[in-house]
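Below is one structure, written out as structure tokens; comments come after it.
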């Protein structure tokens, strides 16, 4: 009995141990399976992830290319729009990036070009607001130039033909008068009119400064009267008609005049946008004033006050446009950089009147690139290309007047970047001898 | 009917005591798997005190982590024991394109060959 009990107990323990052992064995097998399954899944997931990543990278490159092409498309559209500034939007980025690289290398300035794309995009887009600047303002070559309804000229020819008929009749009637006397008078009148015409024509070109005396002379010439016999309300658009005062014929007209029809009202919608951005520029009351005396009285250049504002508007438009774009974190300063290239260190720039420490260094570099390109470009038919030495002299004075950054200008000159650029883009006859050391010394003394 | 709502990491669990249907549906990769499924095990202990005539498990997991696999082995061990006195059916439902879910189901079926374990492929 005793032996049997022990045997039974041993048998029981043996069975239990075997069960436990089998259970453990099973568990080990299961763990193995789970692990192998997990490994397999992990591999599959990792492969998929890798594939997705490659796809995302490909997509990113494709999107960046698209974005860049789009940016260049806008820049090229602006360059194409105005043949006078052709290539500007393309050359400025190159110059700005080169300058940023030289400034990075220079130990005197604490700056490192970390985000080339941001500066590049800002430079490509620095003039994008010009897309809305009307060509007749951007390229206004004479004071009286405008979009013009030629019906006025045609009507004037009718006026002249009618006078010819009248004169012929008078000549016949008055054939008995003293011939010598009449001819003398006619010659004097013709000489006077010729001189006056030549004066007006010269003033219109706007290549020289107009003095107060000359403006007086202009007004006296303008006040001469003639009689209009034909209806000047015919052949007009509704917009032109709306501005015009109805007069009966025959009507006494001035040779040159400022009239109500010349005043074009401002679109308040756009003014509101500018107020929203807190731009510190005074907005002229009128959109434009096409008055003949008003425009001929422009003292310098060909742009009147309203049109000058129109030119400045491009930077405000640039800022408004770029700030509306959802730039990602790495490009978030594009609007700021592009929008500060007309600011001056002394606060006299536009549109925000920012001071030295408020303008980002990239904006200051862009300003130098912008000015230098504009000064040296030789594809603007209305001005003779400047010599390299002249352009550098102007940059020097701009630094002296605290318009551009003196330290950045020093790097631009001493690194030889100005010369590399000149060799690539200037005509050989533009490149003359420049005493860089002398200018650097002078810059030091400012 | 008892129910646990699905979350981003855990499946929806429904226990219909009257019809004897238990559904586990969704993804299962909780931070602490065994803690999460403890609720279900408590419900099952309670349920098997007075089970329905037939008990059906519909398990449709599109994604599960290793500890969920381990839990399921434990669950099926538990059900294997219960099947001595109960009629239990397990349906392992998987999308026919989900190869991992299919193979995982096959592993289970192989281990519990005495149980009524069905692999159910679902078409899109």
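Residue numbers (the working numbering), protein chains in the order written: chain A, 5 to 450; chain B, 567 to 690.
Yeah, the Cβ is synthetic: ideal placement off N, Cα and C, and Gly gets one too.
Check: Using a C-beta cutoff of 8 Å, does residue 639 of chain B count as contacting chain A?; Outcome: yes
Check: Which residues share a DSSP beta bridge with residue 621 of chain B?; Outcome: B/654
Check: So what does residue 258 of chain A bridge to, in DSSP terms?; Outcome: A/229
Check: Go ahead and label residue 341 of chain A buried or exposed: buried means 16 or more other beta carbons lie within 10 angstroms of its beta carbon, across all protein chains shown.; Outcome: buried
Check: Can you list, in chain order, the residues of the region 571–594 of chain B whose Cβ is nearer than 9 Å to any Cβ on chain A?; Outcome: none
Check: In chain A, which residues lie with their C-beta within 9 Å of the C-beta of residue 677 of chain B?; Outcome: 30, 33, 34 and 37
Check: Assess, as a yes-or-no matter, whether the region 193–207 of chain A is touched by the region 273–291 of chain A under the definition of 3 or more beta carbon pairs within less than 8 Å.; Outcome: no
Check: Does the Cβ of residue 567 of chain B have 16 or more other Cβ atoms within 10 Å, making it buried, or fewer, making it exposed?; Outcome: exposed
Check: Buried or exposed: residue 414 of chain A, going by 16 or more other Cβ atoms within 10 Å of its Cβ?; Outcome: buried
Check: Since residue 687 of chain B sits in a beta bridge, which residues does DSSP pair it with?; Outcome: B/660
Check: Could you check if residue 100 of chain A is buried or exposed, using at least 16 other CB atoms within 10 Å of its CB as the buried criterion?; Outcome: buried
Check: Comparing the C-beta of residue 23 of chain A with each C-beta of chain B, is any distance below 8 Å?; Outcome: no
Check: Taking C-alpha atoms, which residue in B/626, B/617 and B/570 lies nearest to residue 661 of chain B?; Outcome: B/626
Check: With a threshold of 8 Å, are at least 3 pairs of Cβ atoms found where one atom belongs to the region 118–134 of chain A and the other to the region 307–325 of chain A?; Outcome: yes
Check: Taking residue 648 of chain B as the query, report the chain A residues whose CB atoms sit under 8 Å from its CB, ordered along the chain.; Outcome: Residues of chain A passing the Cβ test: none, with the nearest at roughly 17 Å.
Check: Tell me the start and end of each unbroken alpha helix (DSSP H) in the region 574–646 of chain B that is at least 4 residues and wholly inside, in chain order.; Outcome: 599–613
Check: How is residue 679 of chain B classed by DSSP in three states: helix, strand or coil?; Outcome: coil
Check: Using alpha carbons as the reference points, say which of A/16, A/254 and A/317 lies closest to residue 281 of chain A.; Outcome: A/317
Check: What is the C-beta distance between residue 254 of chain A and residue 270 of chain A, in whole angstroms, given that I count them as a contact (C-beta under 8 Å)?; Outcome: Not confirmed; about 35 Å, so no contact.
Check: Which residues mark the beginning and the end of the alpha helix (DSSP H) in which residue 428 of chain A is found?; Outcome: 421–429
Check: By a C-beta neighbour count over all protein chains shown, 10 Å radius and 16 as the cutoff for buried, is residue 158 of chain A buried or exposed?; Outcome: exposed
Check: In this structure, does DSSP put residue 63 of chain A in helix, strand or coil?; Outcome: helix
Check: Between the alpha carbons of residue 230 of chain A and residue 141 of chain A, how many angstroms are there, rounded?; Outcome: 31 Å
Check: Helix, strand or coil: how does DSSP classify residue 149 of chain A here?; Outcome: coil
Check: Pop quiz: residue 409 of chain A and residue 349 of chain A are said to be a contact at Cβ under 8 Å. What is the actual Cβ separation, rounded to whole angstroms?; Outcome: 6 Å
Check: For residue 105 of chain A and residue 360 of chain A, what's the separation of their Cα atoms in angstroms?; Outcome: 21 Å
Check: For residue 212 of chain A, name the three-state secondary structure that DSSP assigns.; Outcome: coil
Check: Residue range of the beta strand (DSSP E) that residue 309 of chain A falls in?; Outcome: Unbroken run through residue 309 of chain A is the alpha helix (DSSP H), 309–327; no beta strand (DSSP E).
Check: Within the continuous beta strand (DSSP E) that includes residue 569 of chain B, where are the two ends?; Outcome: 568–570
Check: Buried or exposed for residue 170 of chain A, please, with buried defined as at least 16 other CB atoms from any protein chain shown within 10 angstroms of its CB.; Outcome: exposed
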